[in-house]
Amino acid sequence: MNVLGIETSCDETAAAVAAGPRDIRSSVIFSQVELHGPYGGVVPEIASRCHVDSLPGVIDEAMRTSGMAWSDLDAIAVTHGPGLASSLLVGMATAKGLALRLGIRLCASNHLEGHIYSLFLAGGAPGIEEACPFVALVVSGGHTCLVRVEGLGKYGLLGQTIDDAAGEAFDKGASLLKLGYPGGPVIDRVARGGNPGSVRFPRGRVRPGPGLEGLNPDLCFSFSGLKTALLYHLRDNPAEGNPARTADVAASYQQAIISALVERCDAALRDGDRCIGACGGVSLNSALRARLGELAARRGIRLLLAEPKHCGDNAAMIAGLAAAGRGIWDETAFLADADPSLPVC
Ligand code: KG4
Ligand code: ZN
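Counting from 140, one number per residue, gives the positions in the sequence shown under the numbering used here.
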């Protein structure tokens, strides 16, 4: 099945063509990061306007570089949630219009399932059935959750953040450290020259209580206290203008985020699990990748990582997932609305 995938859930305008579940023929991503940089985070109104402007060109480019003609397509797949409502709507309206015009099938896809699926687009990745059961850490600027994967479409939510996403913690931390936006890549780089043991930041344990919706608090995350701890630390120990201190604080702050992620992964794994997977923008973090590698080696399981080009938001994961038959199809997809808080299962 040949699928054109469209992804506009946040601040990346993306389109891709798949000729089968793992056969990605083209993938185009237009990042809006420079537009949002001055605001230190994604501004929904700017994001949706930019999707309107750039999506037609991004789709054209994806079609052109795929080597396919419009008449070769069997379906259009589009992310319908979770994400920013006004951003999702641009992709959905475009996908519905195109599918109607071309007289082909429409598929509405789950963005979080797409991120998990991105693990299987990597060269050398096992088949999904071969990797199962496994635990997936979905970690980005908008999401932080742990998912048990028993098969394609068989997911169980194990834990999630009760406040900020890990990527938000990186972005807000970098802003407090005056390192710029987006924070993840710059903290990753600056932290390499610092001592991660120099400041002891909290690991954000979650207490049992309301709001967890039956999830195990030991598998949930909280990053808002960490951000406040950094604020107070910098107030009492200013680091501005002191690159060595900035590197130490950045390394310690990054260590706190990563330890929280890796410790929850460790706690989520059960005997018989074959892999631990990490996907989403934050899974690009070099220290996180190294720590997950150590965890996988210690537990005797395989580490699954998405390729860097498939870590951040992309449409290849949406096209591939639809080509694998997942998602909401046809009439139900035409009737589907954008669902900003769509859960993974
Ligand atoms: O998946 P993504 O591109 O978009 C969302 O769906 O949010 O993730 C973006 C997030 C940002 O918060 C960014 O700071 C973070 O991923 N990020 C990183 C790294 N590269 C990007 N975080 C830590 N280390 C990195 N190397
Ligand atoms: Zn995402």
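Glycine is no exception: its CB is placed at the ideal position from the N, C-alpha and C atoms.
Alpha carbon of residue i to alpha carbon of residue j, nearest angstrom
i	j	result
residue 258	residue 293	15 Å
residue 191	residue 407	40 Å
residue 333	residue 320	20 Å
residue 139	residue 187	Given a span of 140 to 484 for the chain in the structure shown, any question on residue 139 remains unanswerable.
residue 447	residue 423	6 Å
residue 239	residue 224	22 Å
residue 379	residue 403	33 Å
residue 182	residue 339	32 Å
residue 236	residue 178	33 Å
residue 464	residue 384	51 Å
residue 306	residue 202	31 Å
residue 210	residue 462	17 Å
residue 354	residue 252	19 Å
residue 429	residue 445	14 Å
residue 368	residue 331	21 Å
residue 400	residue 241	44 Å
Cβ shell of residue i (< 6 Å), same chain only, five flanking positions each side left out
i	result
residue 419	254, 277, 278, 279
residue 197	152, 154, 167, 169
residue 267	259, 291
residue 313	322, 325, 326
residue 414	270, 273, 440, 441, 443
residue 176	320
residue 204	165
Residue i, DSSP secondary structure in three states
i	result
residue 146	strand
residue 408	coil
residue 427	helix
residue 465	coil
residue 472	helix
residue 176	helix
residue 457	helix
residue 440	coil
residue 186	helix
residue 432	helix
residue 162	strand
residue 196	helix
residue 483	coil
residue 191	helix
Residues bridged to residue i (per DSSP)
i	result
residue 152	169
residue 204	In the DSSP output, where bridge partners are listed per residue, residue 204 has none listed.
residue 284	277, 299
residue 445	The partner list for residue 445 (beta bridge, DSSP) is empty, contrary to what the question assumes.
residue 290	293
residue 157	142, 163
8 Å Cβ shell around residue i - same chain, five flanking residues per side excluded
i	result
residue 220	148, 227, 249, 250, 477, 478, 479, 480, 481
residue 346	356
residue 405	434, 438
residue 425	327, 331
residue 372	338, 340, 388
Cβ-based neighbour list, residue i, same chain, cut-off 7 Å, excluding 5 preceding and 5 following
i	result
residue 146	153, 218, 230, 452, 453, 454, 457
residue 207	141, 156, 164
residue 243	212, 213, 214, 215
residue 158	141, 164
residue 410	none
residue 304	279, 280, 281, 282, 283
residue 200	167
residue 363	302, 303
The ligand GTP heavy atom lying under 7 Å from the CB of residue i
i	result
residue 302	With respect to small molecules bound, the structure shown includes the ligand KG4 and the ligand ZN and not the ligand GTP.
Checklist line | Complete runs of the alpha helix (DSSP H) confined to the segment 292-349 [at least 4 residues] | finding: 305-315, 322-330
Check: Quick one: complete beta strand (DSSP E) runs, 3+ long, within the segment 345-425?
Finding: 414-418
Check: Mind pulling the alpha helix (DSSP H) runs of 4 or more residues that sit fully within the segment 199-275?
Finding: 224-241, 250-257, 267-270
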